[in-house]
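Numbering follows the UniProt record's numbering, with no gaps: position 55 of the sequence shown is 55. Heads up, the beta-carbon is just placed ideally off N, CA and C, and yes, glycines get one too. Written out below as structure tokens is the structure these notes cover.
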Amino acid sequence: MSQKSMTSRIAILGSGEVGSTIAYSLILNPVAGEILLVDPKEEVRDAQVQDLSDATFHGNTSTQVRAGTHKEAGQCDIVVITAGAAQKKGESRTDLVGRNLKILSSAIDDMKPFREDTIIVLVSNPVDILTYFAQKFSGLPKHQVIGSGTFLDSARLRGILAQKCGVAASSIDAYVLGEHGDSQMVIGGVPLELALPDASIDKAAIAEDTKKKAAAIMESKGATAYGIGGVTSSICKSILFDQCNIRPISHYQDDMNVCLSMPVIIGRKGIVRQIPLKLNDGEKKELEQSAKSLREIIDDVEKEQSKEDGLIDPTQHYQYLLRCPHVPPDTPSTFVSKSCGYDSCTTIQQQFDSAHTRHWVSHYGQDMYLDHSTPYKDHTCMDGWRDGRTFWRNITDLP
């Protein structure tokens, strides 16, 4: 272990089977000087700490394990989030997201304020959707909030291909991209077929086998742990040692407005950069469908959140770009108004004070106030309902 990594700390939220297995993998492959287990179930957490501490006495490791708090976690180098509810029989993915989102939101609030260079690694499922919301909730830069994504799926894919082709898995360059779930896709089969023309490769069948492997494990033993433990340990090592490895990691895609997995270079700052891929038309279509599937779930969740909070449904009232004019400092206020584009929606009216730090909105007859921590630089209020939703969710009580 390097001198720098000996002083680093990793917090793991959730001390269940997945969280404890990740901790065990981090101990066997010394990555950090200290591992903090954070869990409201103190008895289970403390028992895991004692059990894992025994592992630190075996082998060449100086890693220490102890119980930690959410506030301590927010000041760690890496926060690994495994906490979350399991999907119930007959429960939709949207319902599962809703339950896990409450757990995630509460945990992130308890960790604030974050250290400015903290990296969040999401492991809880649905990992892509939770990664998207973790970035929104935390306020950390997008390159610092990532998910395990299809890294494990890609490892499974390479293992299956290695067995079928009789080559080392490390020699195979193939990825599972997109969503970690039903809409994931496989690339890399064609180059492999060219390299091994005698090998019988059914790309569709292999992709299906890759998807089914996790389900088969869960059906037999209830959960997967060792694979994700090794994968997460590898991600943490790439970050803390600044290895700049290429990994298929879930992260925010600007052009799709979702988080999904694409190959990236990962180092101490999180996502260093995404690796461009040459996808054929079929693969591009699959990736777009994967993003669409994720976006639909996010839209549904945000719509439900708006209803629960008693806020205007942003999916029904698309907020177009509104700008306030540049006003002289001695001007008390100014108004701008513009229709939001829907026949069923009334005119939006905004009032800015001279400091451009507060504005008033009248929409469907509701008067609302919003305070901003910093003045507008370009006087842009919002651009599209996705940004507009953040606006509505930050509305404060009337003064």
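Counted within 10 angstroms of its Cβ, other Cβ atoms place residue i as buried (16 or more) or exposed
| i | result |
| --- | --- |
| residue 286 | buried |
| residue 113 | exposed |
| residue 124 | buried |
| residue 226 | exposed |
| residue 137 | buried |
| residue 100 | buried |
| residue 147 | buried |
| residue 116 | exposed |
| residue 43 | exposed |
| residue 262 | buried |
| residue 63 | buried |
| residue 335 | Low local confidence applies: a pLDDT of 32 at residue 335 is under 50, so the model's placement there is unreliable, and no value is given. |
| residue 330 | Residue placement at residue 330 is poorly supported in this model, since its pLDDT is 44, which falls under 50; the coordinates are not used for a value here. |
| residue 367 | Note that residue 367 has pLDDT 35, beneath the 50 cutoff, so the model's placement of it is unreliable and no number is given. |
| residue 45 | buried |
| residue 244 | exposed |
| residue 82 | buried |
| residue 365 | With a pLDDT of 35 at residue 365, under the threshold of 50, the modelled position of this residue cannot be trusted; read the value that follows with caution. Residue 365 is exposed by the Cβ-count criterion. |
| residue 7 | exposed |
| residue 131 | buried |
| residue 151 | buried |
| residue 219 | exposed |
| residue 170 | exposed |
| residue 50 | exposed |
| residue 11 | buried |
| residue 282 | exposed |
| residue 149 | buried |
| residue 237 | buried |
| residue 73 | buried |
| residue 163 | exposed |
| residue 208 | exposed |
| residue 34 | buried |
| residue 19 | buried |
Host beta strand (DSSP E) of residue i (start-end)
| i | result |
| --- | --- |
| residue 34 | 34–38 |
Endpoints, the alpha helix (DSSP H) within which residue i is located
| i | result |
| --- | --- |
| residue 135 | 127–138 |
| residue 44 | 42–56 |
| residue 160 | 151–165 |
Nearest to residue i (by Cα), restricted to the options the options
| i | options | result |
| --- | --- | --- |
| residue 119 | 301, 47, 75 | 75 |
| residue 214 | 156, 22, 95 | 156 |
| residue 257 | 275, 133, 45, 79 | 133 |
| residue 104 | 166, 39, 164 | 39 |
| residue 129 | 56, 44, 294 | 294 |
| residue 255 | 288, 153, 217, 23 | 288 |
| residue 85 | 9, 15, 8, 209 | 15 |
| residue 298 | 279, 273, 126 | 126 |
| residue 65 | 108, 95, 21 | 21 |
| residue 403 | 206, 177, 234 | The question about residue 403 has no answer, for the chain in this structure spans 1 to 399. |
| residue 250 | 276, 121, 108, 78 | 121 |
| residue 145 | 300, 23, 252 | 252 |
| residue 221 | 17, 7, 8 | 17 |
| residue 153 | 264, 303, 71, 212 | 212 |
| residue 272 | 165, 284, 239 | 239 |
| residue 403 | 292, 248, 296 | Because the chain in this structure spans residues 1 to 399, residue 403 falls outside the shown range and cannot be described. |
| residue 13 | 27, 78, 296, 237 | 78 |
| residue 110 | 135, 69, 80, 140 | 69 |
| residue 407 | 166, 158, 231 | Coverage of the chain is limited to positions 1 through 399, which leaves residue 407 absent and any answer about it impossible. |
| residue 24 | 162, 160, 228, 303 | 228 |
| residue 140 | 270, 55, 276 | 270 |
| residue 304 | 96, 36, 216 | 96 |
| residue 67 | 80, 47, 57, 37 | 37 |
| residue 296 | 205, 57, 259 | 259 |
Beta bridge counterpart(s) of residue i as assigned by DSSP
| i | result |
| --- | --- |
| residue 66 | 36 |
| residue 80 | 12, 121 |
| residue 28 | Residue 28 pairs with nothing; no bridge assigned. |
| residue 146 | 121 |
| residue 104 | According to DSSP, which records beta bridges pairwise, residue 104 is partnered with nothing at all. |
Near the ligand ZN: residue i beta-carbon under 7 Å from a heavy atom
| i | result |
| --- | --- |
| residue 280 | As presented, the structure is devoid of all ligands, the ligand ZN included, so that no description of it is given. |
Checklist entry - If you scan the segment 204–285 from start to end, which runs of the alpha helix (DSSP H) of 4 or more residues do you find wholly inside it? => result 226–240
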